[in-house]
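Chemist: Just so you know, the sequences run in chain order A and B. Under this note's numbering, the first sequence has 135 at position 115, and the numbering climbs by one with no breaks. Under this note's numbering, the second sequence has 931 at position 752, and the numbering climbs by one with no breaks. Note that CB positions come from ideal geometry on N, CA and C, so glycine has one too.
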Amino acid sequence: MKERIDALLAEIRNAAEQLKDEDTAEQFRIAYLSRKGGIAQLFEDLKGVPKEVKPEMGKALNILRQQTQAILDTAVENLRQSQKSSVAGLDVTLPGRAVSRGHKHIVSATIEEISDIFRRMGFSIADGPEIETDYYNFEALNFAADHPARDMQDTFFLSDSHLLRTHTTPVQVRLMEQYKPPIRAIFPGKVYRNEVISARSHVQFHQVDGLFVDKGVTFADLKGTLITFAKMYYGSSLKYRFRPSYFPFTEPSAEMDISCYLCGAKGCRVCKYTGWLEILGCGMVDPNVFSFVDVDPEEYSGYAFGIGIERTAMLRHGLDDIRLLFENDMRVNHQFN
Amino acid sequence: MLLSSNWLQKYVALPETTGELEELLTGVGLEVESVEDRRNAFQNIVVGEVLTCEKHPNADKLSVCTVNDGSDTHTVVCGAPNVAAGQKIIFARVGATMESLGFTIDRRKLRGVESAGMICSTSELGLDEDHEGIAVLENAAVPGTPMAEHLGYDDVIFGIGITPNRGDALSHIGSARDIAAVTGNPLSIPEIVSEEIKDPATFPITIADPELCPRYSAAMLEGVTVQESPEWLARALTAVGIRPINNIVDITNYVMMEIGQPMHAFDLDQLTGDSIHVRPSVLGERFVTLDDEKRDLPEKALLICDAEKPVAIAGVMGGQNSAVTEGTTRILLESAYFQASSVRKTAKTLQLSTDSSYRFERGTDPNITVWALRRAIALIQESCGATLRGIFDAYPSPIEEREVTLRPAFTNRILGIDVAAEEQRRILEALQIRVEEKEDGSFTCTVPTFRSDIEREIDLVEEIARIHGYDKIPVPTRLEMNVGEGFDDQAFPGSVRDIMLGFGYDEILSSSLVPLAHARFDQNGQQVAEVLNPVSKERPALRPSMLTSLLEAVDVNVRNGLRSLRMFEIGRVFKAEKGGYTEKTMLGIVVSGPAEQRAWTGEERQSDFFDLKGSLEAFLKTLYLDNETIFYYDRTSTLSEHVLTLEVKGRYAGQAVEVSDTILATFDIDQQVLYAELDMEVLREALPDRQVYQPVAKYPSVSRDLAILIGRDVRAQQIVDVVRSAGAEHLREVRIVDVFTHDSIGKDRKSVAFSMMFQSSDRTLKDKEISSAVDMILSALKRDFGAELRS
Ligand SMILES: [Zn+2]
Chain A
21 MKERIDALLA EIRNAAEQLK DEDTAEQFRI AYLSRKGGIA QLFEDLKGVP
71 KEVKPEMGKA LNILRQQTQA ILDTAVENLR QSQKSSVAGL DVTLPGRAVS
121 RGHKHIVSAT IEEISDIFRR MGFSIADGPE IETDYYNFEA LNFAADHPAR
171 DMQDTFFLSD SHLLRTHTTP VQVRLMEQYK PPIRAIFPGK VYRNEVISAR
221 SHVQFHQVDG LFVDKGVTFA DLKGTLITFA KMYYGSSLKY RFRPSYFPFT
271 EPSAEMDISC YLCGAKGCRV CKYTGWLEIL GCGMVDPNVF SFVDVDPEEY
321 SGYAFGIGIE RTAMLRHGLD DIRLLFENDM RVNHQFN
Chain B
180 MLLSSNWLQK YVALPETTGE LEELLTGVGL EVESVEDRRN AFQNIVVGEV
230 LTCEKHPNAD KLSVCTVNDG SDTHTVVCGA PNVAAGQKII FARVGATMES
280 LGFTIDRRKL RGVESAGMIC STSELGLDED HEGIAVLENA AVPGTPMAEH
330 LGYDDVIFGI GITPNRGDAL SHIGSARDIA AVTGNPLSIP EIVSEEIKDP
380 ATFPITIADP ELCPRYSAAM LEGVTVQESP EWLARALTAV GIRPINNIVD
430 ITNYVMMEIG QPMHAFDLDQ LTGDSIHVRP SVLGERFVTL DDEKRDLPEK
480 ALLICDAEKP VAIAGVMGGQ NSAVTEGTTR ILLESAYFQA SSVRKTAKTL
530 QLSTDSSYRF ERGTDPNITV WALRRAIALI QESCGATLRG IFDAYPSPIE
580 EREVTLRPAF TNRILGIDVA AEEQRRILEA LQIRVEEKED GSFTCTVPTF
630 RSDIEREIDL VEEIARIHGY DKIPVPTRLE MNVGEGFDDQ AFPGSVRDIM
680 LGFGYDEILS SSLVPLAHAR FDQNGQQVAE VLNPVSKERP ALRPSMLTSL
730 LEAVDVNVRN GLRSLRMFEI GRVFKAEKGG YTEKTMLGIV VSGPAEQRAW
780 TGEERQSDFF DLKGSLEAFL KTLYLDNETI FYYDRTSTLS EHVLTLEVKG
830 RYAGQAVEVS DTILATFDID QQVLYAELDM EVLREALPDR QVYQPVAKYP
880 SVSRDLAILI GRDVRAQQIV DVVRSAGAEH LREVRIVDVF THDSIGKDRK
930 SVAFSMMFQS SDRTLKDKEI SSAVDMILSA LKRDFGAELR S
């Protein structure tokens, strides 16, 4: 009996070497540990051994069974471990599943960024139609008929009375018609100019215009607000200047320049070697504009300003052709989030 | 406009440096766009003298010269045929940079002879286009004189951008006036001597419409010699970009650049009858202008006529028929004041903008015409000694100076500064505005007629702001920040944009103007809004929907090899209506090409209609509008046979389509495109004010799946509607989970499987209840569609 136990143990050890997957492990279990397996067989045969060696042999068989179970468990665990660590299991260097993400248009992003700054300064946001009447686009903004000021804005006409707005400034007239001061708002939107499309000009672009009308609004307030805007948008270290200019709807009128951030104000092609970049036009609302909307210029005063979005975005992001903004070539658009 | 600093200096003392003057001009609103310091021009180029000139030993067409450059003698090889000993010439020393030629002069051997310098033509200096040999200077030129000095290039030229309101600044005196006001230096205007006319001629001037021509002044001169202008005059004009022609024309231009009054000289012998008639043109008139162009005149263009014919288009250009030429001896000098808008209309219609029309359009001074005449007469007499036969002046109703009241306190109230009344007065007076202080402290200001832009108190405020300096207006250290007013805050487009970006769609912005053909196929029977006068003729129509814009973007990217596209645009669409136009803001969406790229995780999958619809459903959910929206099948669109229409809170809100092949073919797009458009206004108005919490269900839900056989033409929505309305009280959700067609289940039938979820808010549902609910649903489907349970 003792010999048979030893022989089976040797066989089991041998068989354990051959365990390579779950199937061979199951065969191993059936061959040795099942009810009809080799160990069960020996327990069966134990009945016929002499009484005096029976307890000793029984003990040896129990140990054999425990050993065999341990051999199997270890082998199965090893199998599991080796499967896990194999390359086919988890290759963390494979690329992840694609998550599609949308890209914001650079013009929208610029409008949003500028609007957010003015919103923080208490400005609301308004808009008006893109098809405007001559009245709102020109007349009520103090552009006299047959005045050279009209040459500043080449216009698309739809009829004698209707045109595509050349600026978002008409919204200020609509606002003042509808609401009594105080009014503090910006109006972003699309505007149109009847020009030949080239790298430098397009038939459409975007503007953010602004208006603040209240009692006691001064040119000094205008400067304060726009300087705050410029510092928030372009950085607090910039230099700025306001110089007299002309817009029919403001008086006095000004243009605001900031020191050229592309060349550190040393002079470059973009700033035409002046060290200054023009960023916006502004001024005090002309009393004639007030008279069109029944606001008393003796009681109220106000300022207005306008920022060209494409120019701002192109300067900032180094684009040199405005057509790139409206072609929607994703090789361009995907560069900006 | 170009301003010469030497010229300006005649009227006012200038700041010391160029930089200061530049800053001053920009500071008063005469924006300096360019500065050309001519004193630095032509370095190493001097007046030279050809001492000897012999033929080159080895080349027929070359000469070998010795040139004295004032300090040394150089051997120079020259190729010009007109070089000769004894000439004073332009000599470029070794080291001179020839800017217009793009090289620097070097010592070099030409056919065996070393040449140390170059004898130049004026075109090689970039002065003109003349290529006929070297320039021979007047004999008085002194060798060694730097060329800049010899040419009078001791000047700084400023390019000024003048805004349309500043017609008064379109001259040297006009600009000098602003300089004087800022610096406090006096302005000195040339004195005019009125000479006595010995033998006065008569010369009647009639004006048909004094509103268009309030004043016409003219002078008659005899014994004129038309010749080249004196050096100083030619130089002055060249410096400001005007080409010298002859002394008479040059003097009229000089006076214009000096005081801003455009003038014109007629050859009096070419005029019929000694008289001038100013009248509007009639339809169909033609006229040959000085530039030899035959022009069809618009109706009511103002014409200057002699007894028989037009001789000039008023304020725009003179006629070929009466131009001053070399043989002219008698001239009529015109110095008039025309209505600005009339000149502008004529110039615009003729598409002819001249220095003269440019100034008249911006408003000239009606009361300077005779001064300008006298100034020109004096210069002409100085140049060629002519006899003045008379100054004739038709000025039926003189234009008077305007009186405008200014309250110094108002200035400070608008500007936010504190400028003393005395300083305000000083500024106004420096600008030649006369000021009279009234008892209440306000000023009665008499504004000279050259400032036609100053009409109101606010205009005077601007003058004070300009001259005082925008930079001196203080910046408040504390900004008053109140919240925005109550009108609509347009945050909605921003949130729609963010939702679409989150779903992986790229935002585009495209042209609202589209080709007419593109506008027509999605106009849905509406009238397209069209631009009447587009410079670019290909795109005259305003888009009636977002489709065209998005398809163009698909096309661009597919052509670039990028096929997997999900894009959206928020923008306006337009239509023409009786008596007007309407526009609305739309969200346009396209899906096209692979929805999933080929990767190790799976194969490529082309997007289909349900990618688009899934996005729409998720979009509406994000806006809390999913329960307010009804989708229904429609066939009325021109875009496709299969149209899904959306209704939000009972209003038409948009549509989703598989774009028809016919339309795709127009754009050369070879892949399927799914398109949807949503009306932003309808969505915005349907938005709930707030989302209200729903208690979470306490009792378990039970799911049952059902597969039925049903007619192929029954649409999913119809099935779901019947299931929902069958009367099962605790049915919470119906979801189609499988649609299957195969001949084995019948050619006109399909199998549809759906999953239903039942739940009660107050108890656990019993098996029996659910079974009877399922039976109700099944029998409703049988009743309405003849559906059968699939075994
Ligand atoms: Zn720069």
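Check whether the Cβ of B:Pro575 lies closer than 9 Å to any Cβ atom in chain A.
Modeler: Judged by the 9 Å Cβ criterion, B:Pro575 is not in contact with chain A.
Chemist: Please return the same chain residues whose Cβ sits closer than 6 Å to the Cβ of B:Gly772, not counting the five positions on each side in sequence.
Modeler: Same-chain partners within the cutoff: Arg742, Ser743, Leu744, Gln850.
Chemist: Name the residue from B:Ile298, B:Leu823, B:Val256, B:Ile269 whose alpha carbon lies nearest to the alpha carbon of B:Lys288.
Modeler: It is B:Val256 whose Cα lies nearest to the Cα of B:Lys288.
Chemist: Can you grab the Cα-Cα spacing for the pair B:Thr324 / B:Gly305, in whole Å?
Modeler: Rounded to the nearest angstrom, the two C-alpha atoms are 19 Å apart.
Chemist: If I'm right that B:Arg568 touches B:Asp378 with Cβ under 8 Å, what's the distance once you round it to whole angstroms?
Modeler: With 8 Å as the limit, B:Arg568 and B:Asp378 qualify as a contact, their Cβ atoms being about 6 Å apart.
Chemist: Quick check: the Cα distance between B:Thr764 and A:Ser128, rounded to an integer number of angstroms?
Modeler: Spanning the two alpha carbons is a distance of roughly 15 Å.
Chemist: Considering B:Ala755, what are the terminal residues of the alpha helix (DSSP H) in which it resides?
Modeler: Run containing B:Ala755: none in the alpha helix (DSSP H); it sits in the beta strand (DSSP E), 744-756.
Chemist: Kindly provide the chain-ordered list of residues whose Cβ lies closer than 5 Å to any non-hydrogen atom of ligand 1.
Modeler: Output, sorted by chain position: A:Cys280, A:Leu282, A:Cys283, A:Cys288, A:Cys291.
Chemist: Please report how far the alpha carbon of B:Met936 lies from the alpha carbon of B:Arg914, in whole angstroms.
Modeler: Those two C-alpha atoms are separated by around 9 Å.
Chemist: Below 8 Å, can you find three or more Cβ-Cβ pairs linking the region 292-302 of chain A to the region 311-319 of chain A?
Modeler: Counting Cβ pairs under 8 Å, fewer than three are found: no touch.
Chemist: Compute the Euclidean distance between the alpha carbons of B:Ile556 and B:Ile596, then round it to the nearest angstrom.
Modeler: Going by the C-alpha atoms only, they are around 48 Å apart.
Chemist: Mind listing which residues of the region 668-684 of chain B have their C-beta closer than 8 Å to chain A's C-betas, in chain order?
Modeler: So the close ones are Asp668, Gln669, Ala670, Gly673, Arg676, Met679, Leu680, Gly681, Phe682, Gly683, Tyr684.
Chemist: Could you check what DSSP says for A:Pro363 in three-state terms: helix, strand or coil?
Modeler: Absent from the model: residue 363 of chain A. The displayed extent of chain A is 21 to 357, so no value can be given.
Chemist: Comparing the C-beta of B:Pro194 with each C-beta of chain A, is any distance below 9 Å?
Modeler: It does not; no Cβ of chain A falls within 9 Å.
Chemist: Does the Cβ of B:Gly206 have 16 or more other Cβ atoms within 10 Å, making it buried, or fewer, making it exposed?
Modeler: With 16 or more other Cβ atoms within 10 Å, it is buried.
Chemist: Going along chain A, which residues have a C-beta under 7 Å from B:Asp638?
Modeler: Residues of chain A passing the Cβ test: Glu271.
Chemist: Listing by chain order, which chain B residues have their CB less than 7 Å from the CB of A:Asn214?
Modeler: The contacting residues are Asn712, Pro713, Val714.
Chemist: Restricting to Cα atoms, I'd like to know which of A:Thr94, A:Ala250, A:Phe158 is closest to A:Arg194.
Modeler: For the residues A:Thr94, A:Ala250, A:Phe158, the minimum Cα distance to A:Arg194 belongs to A:Phe158.
Chemist: Examine the Cβ distances between the region 884-900 of chain B and the region 854-866 of chain B and report whether three or more of them are shorter than 8 Å.
Modeler: The answer is no - the region 854-866 of chain B does not touch the region 884-900 of chain B, with fewer than three Cβ pairs under 8 Å.
Chemist: Could you pull the start and end residues of the beta strand (DSSP E) that B:Met297 belongs to?
Modeler: First-last of the beta strand (DSSP E) with B:Met297: 297-299.
Chemist: B:Val838: which of B:Ser794, B:Val770, B:Arg784, B:Arg891 sits nearest, CA to CA?
Modeler: Nearest C-alpha to B:Val838: B:Val770.
Chemist: Check whether the Cβ atoms of B:Val335 and B:Arg414 sit closer than 9 Å, and answer yes or no.
Modeler: Cβ distance not < 9 Å, so B:Val335 and B:Arg414 don't count as in contact.
Chemist: Determine the direct distance from the alpha carbon of A:Ile329 to that of A:Arg204, and round the result to whole angstroms.
Modeler: Roughly 20 Å between the two C-alpha positions.
Chemist: Below 9 Å between beta carbons: does that hold for B:Val292 and B:Pro343?
Modeler: No. Outside cutoff.
Chemist: Note the first and the last residue of the continuous beta strand (DSSP E) segment covering B:Lys267.
Modeler: First-last of the beta strand (DSSP E) with B:Lys267: 267-271.
Chemist: Using a Cβ-Cβ cut-off of 6 Å (strictly less than) and excluding sequence neighbours within five positions of B:Gly208, which residues of its own chain qualify?
Modeler: Cβ neighbours of B:Gly208 beyond the five flanking positions: Arg645.
Chemist: For chain B, check one thing: does any of its Cβ atoms lie closer than 9 Å to the Cβ of A:Asn353?
Modeler: Closer than 9 Å to some Cβ of chain B, the Cβ of A:Asn353 qualifies, so yes.
Chemist: With distances taken between CB atoms, is the gap from B:Leu481 to B:Asp388 smaller than 9 Å?
Modeler: Yes. Within cutoff.
Chemist: CB-CB under 7 Å to B:Gln406, same chain, minus the five flanking residues each way: which ones, in chain order?
Modeler: Asn425, Asn426, Cys563, listed in sequence order.
Chemist: Look at the alpha carbon of B:Gly965 and the alpha carbon of B:Ala886, and state the distance between them as a whole number of angstroms.
Modeler: Taking the straight line from one Cα to the other gives about 14 Å.
Chemist: Out of B:Ala708, B:Ile924, B:Thr780, B:Ile339, which one is the CA nearest neighbour of A:Phe177?
Modeler: Ranking the options by Cα distance to A:Phe177, first place goes to B:Ala708.
Chemist: Check whether chain A comes within 9 Å of B:Ala220, counting only Cβ atoms and requiring the distance to be less than that.
Modeler: Not an interface residue.
Chemist: Could you tell me which whole beta strand (DSSP E) segments of length 3 or greater appear in the region 805-834 of chain B?
Modeler: Fully enclosed beta strand (DSSP E) runs of 3 or longer: 808-813, 822-827.
Chemist: Who are B:Ile336's beta bridge partners in DSSP?
Modeler: The partner list for B:Ile336 (beta bridge, DSSP) reads B:Ser183, B:Glu215.
Chemist: For B:Ser354 versus B:Leu187, is the C-beta spacing smaller than 9 Å?
Modeler: Yes; because the gap between Cβ atoms is below 9 Å, this pair is in contact.
Chemist: If we define contact as Cβ-Cβ less than 9 Å, is B:Tyr516 a contact residue for chain A?
Modeler: No, because no Cβ of chain A sits closer than 9 Å to the Cβ of B:Tyr516.
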